[in-house]
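**Student:** Numbering (the numbering used here), first residue to last: 1 to 245. Here you go, one structure.
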């Protein structure tokens, strides 16, 4: 299982940086069209991974009240973390929290990527299918976030090379997070359902608190239908991995 965890952790961290970096080559008006589409799709993969994979797997391995309490506690925890700007997962370049200090973005991303590594490891320790689905969800929501973060760093005066290097450095935190989780959770598998429940809480919180409000800024019928279609496509991708396996 370790090669799977290492491979998808690298793909989820550095791979997302590489893909998001390509978007900087597009003109700003093209990025303005592509990023909302990516966010819609990412929202679907996050919700699908949480509700079709992680929560059901947690319920199969631990008492329901313990799982639901962990999910609830996780959502409250992520609310508090976001409030103190430790984990700010905003996709809006004009966001006040991002505008205060570019280094906060890098610190928050490093912490977030560390947690993503734990998510990926815990999911693979539950099953290979769930590990792949969780990794897809991580990648799908990391790409639009990194596109936005690149733009913010550039606006803060960073050169393209420095922004790419520092963002790539923060992305590398995914691998040590995954390895630490593998070494710890591999010996104490009783913690796996609760890590999955916390992961589901983080995915749900990111989708509901950060991504969906951004989608509501576009209110036209065409944009709404496109968002719904891409959100369902994201859910469908996760469902395909779980139910089509």
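From the three backbone atoms N, C-alpha and C, an ideal C-beta is built for every residue, glycine too.
With burial defined as no fewer than 16 other Cβ atoms inside 10 Å of the residue's Cβ, what is the status of residue 221: buried or exposed?
**Tutor:** Within the chain shown, the letter at position 221 stands for residue 221. By the neighbour-count rule (16 or more Cβ atoms within 10 Å), residue 221 is not buried but exposed.
**Student:** Taking just the CA atoms, how far does residue 41 sit from residue 212?
**Tutor:** Within the chain shown, residue 212 is the residue found at index 212, counting from 1. Within the chain shown, residue 41 is the residue found at index 41, counting from 1. Distance between the alpha carbons of residue 212 and residue 41 is about 11 angstroms.
**Student:** Considering only residues of the same chain and omitting the five flanking positions on each side of residue 31, which have a CB-CB separation below 6 angstroms?
**Tutor:** The residue you call residue 31 lines up with position 31 of the chain shown. Same-chain partners within the cutoff: 23.
**Student:** Can you grab the Cα-Cα spacing for the pair residue 171 / residue 194, in whole Å?
**Tutor:** If you number the chain shown from 1, residue 171 lands on position 171. If you number the chain shown from 1, residue 194 lands on position 194. Roughly 24 angstroms separates the two Cα atoms.
**Student:** Residue 182 to residue 188, Cα distance in whole Å?
**Tutor:** Translated into the one-based positions of the chain shown, residue 182 becomes position 182. Translated into the one-based positions of the chain shown, residue 188 becomes position 188. One C-alpha to the other measures close to 10 angstroms.
**Student:** So residue 230 packs on residue 53, CB below 8 angstroms; how close in whole Å?
**Tutor:** For the purposes of this step, residue 230 is taken as the residue at position 230 of the chain shown. For the purposes of this step, residue 53 is taken as the residue at position 53 of the chain shown. About 19 angstroms; that fails the 8 angstroms criterion.
**Student:** Would you give the residue range spanned by the alpha helix (DSSP H) that residue 168 belongs to?
**Tutor:** To locate residue 168, count along the chain shown from 1; it is residue 168. Unbroken alpha helix (DSSP H) run through residue 168: 160-171.
**Student:** Hey, out of 201, 19, 223, whose CA is closest to residue 69's CA?
**Tutor:** Taking the first residue of the chain shown as 1, we reach residue 69 at position 69. Considering only alpha carbons, the answer is 201.
**Student:** Assign residue 255 to one of two classes, buried (16 or more other C-beta atoms within 10 Å of its C-beta) or exposed (fewer than that).
**Tutor:** Because the chain here runs from 1 to 245, residue 255 falls outside it and cannot be looked at.
**Student:** Looking at C-alpha atoms only, which residue of 21, 48, 37 is the closest neighbour of residue 238?
**Tutor:** In the chain shown, the residue the question calls residue 238 occupies position 238. The residue with the shortest Cα to Cα distance from residue 238 is 48.
**Student:** Pull up the distance between the alpha-carbon of residue 136 and that of residue 157, whole angstroms please.
**Tutor:** The residue labelled residue 136 in the question sits at position 136 within the chain shown. The residue labelled residue 157 in the question sits at position 157 within the chain shown. Rounded to the nearest angstrom, the two C-alpha atoms are 32 angstroms apart.
**Student:** DSSP state of residue 127, grouped into three classes?
**Tutor:** In the chain shown, the residue the question calls residue 127 occupies position 127. It is coil, neither helix nor strand.
**Student:** Taking only three categories from DSSP, how would you classify residue 9?
**Tutor:** Position 9 of the chain shown, counting from 1, holds the residue named residue 9. Correct three-state label for residue 9: helix.
**Student:** Compare the beta carbon distance of residue 9 and residue 120 with 8 angstroms and say whether it is the shorter of the two.
**Tutor:** Taking the chain shown and counting its residues from 1, the one referred to as residue 9 is at position 9. Taking the chain shown and counting its residues from 1, the one referred to as residue 120 is at position 120. For residue 9 and residue 120, yes; Cβs fall inside 8 angstroms.
**Student:** Taking the beta carbon of residue 161 as the centre, do at least 16 other beta carbons fall within 10 Å, making it buried, or is it exposed?
**Tutor:** Reading the chain shown from its first residue, position 161 is the one you call residue 161. Answer is exposed; the Cβ neighbour count stays below 16.
**Student:** So, helix, strand or coil for residue 220, using DSSP?
**Tutor:** Against the chain shown, residue 220 aligns to sequence position 220. Coil.
**Student:** What three-state label does DSSP hand residue 188 in the structure shown?
**Tutor:** Against the chain shown, residue 188 aligns to sequence position 188. Coil, per DSSP.
**Student:** Output needed for residue 192: all residues of its chain with C-beta closer than 8 angstroms, excluding positions within five of it in sequence on either side, in chain order.
**Tutor:** For the purposes of this step, residue 192 is identified with residue 192 of the chain shown, where counting begins at 1. Excluding sequence neighbours, residue 192 sits near 61, 122, 125, 126, 185.
**Student:** Taking the alpha helix (DSSP H) that residue 23 falls in, what are its first and last residues?
**Tutor:** Residue mapping note: residue 23 aligns to position 23 of the chain shown, counting from 1. Element bounds for residue 23: 16-23.
**Student:** Give a yes or no on whether the C-beta atoms belonging to residue 116 and residue 12 are separated by under 8 angstroms.
**Tutor:** Reading the chain shown from its first residue, position 116 is the one you call residue 116. Reading the chain shown from its first residue, position 12 is the one you call residue 12. It is a contact, given that the beta carbons lie within the stated cut-off.
**Student:** Looking at chain C, is there any beta carbon in it that lies within less than 8 angstroms of the beta carbon of residue 170?
**Tutor:** The chain labelled as chain C is not found in the depicted structure, where only one protein chain is given.
**Student:** To which residues of the same chain is residue 178 closer than 6 angstroms at the C-beta, ignoring the five residues directly before and after it?
**Tutor:** Locating residue 178 in the chain shown gives position 178, counting from the first residue. So the qualifying residues of the chain are 5, 9, 117, 120, 121.
**Student:** Less than 6 angstroms between C-beta atoms, sequence neighbours within five positions excluded: which residues of the same chain meet that for residue 101?
**Tutor:** As a first step, residue 101 is located in the chain shown; it is residue number 101 there, counting from the start. Below a pLDDT of 50, predicted positions are generally treated as unreliable, and residue 101, at 45, falls in that range; the measurement from the model is reported next regardless. Contacts found: none.
**Student:** Short of 6 angstroms in beta carbon distance, which residues of its chain neighbour residue 109, apart from the five on each side in sequence? Order them along the chain.
**Tutor:** Looking up residue 109 in the chain shown gives position 109. Once the five neighbours on either side are set aside, the close Cβ partners of residue 109 are 170.
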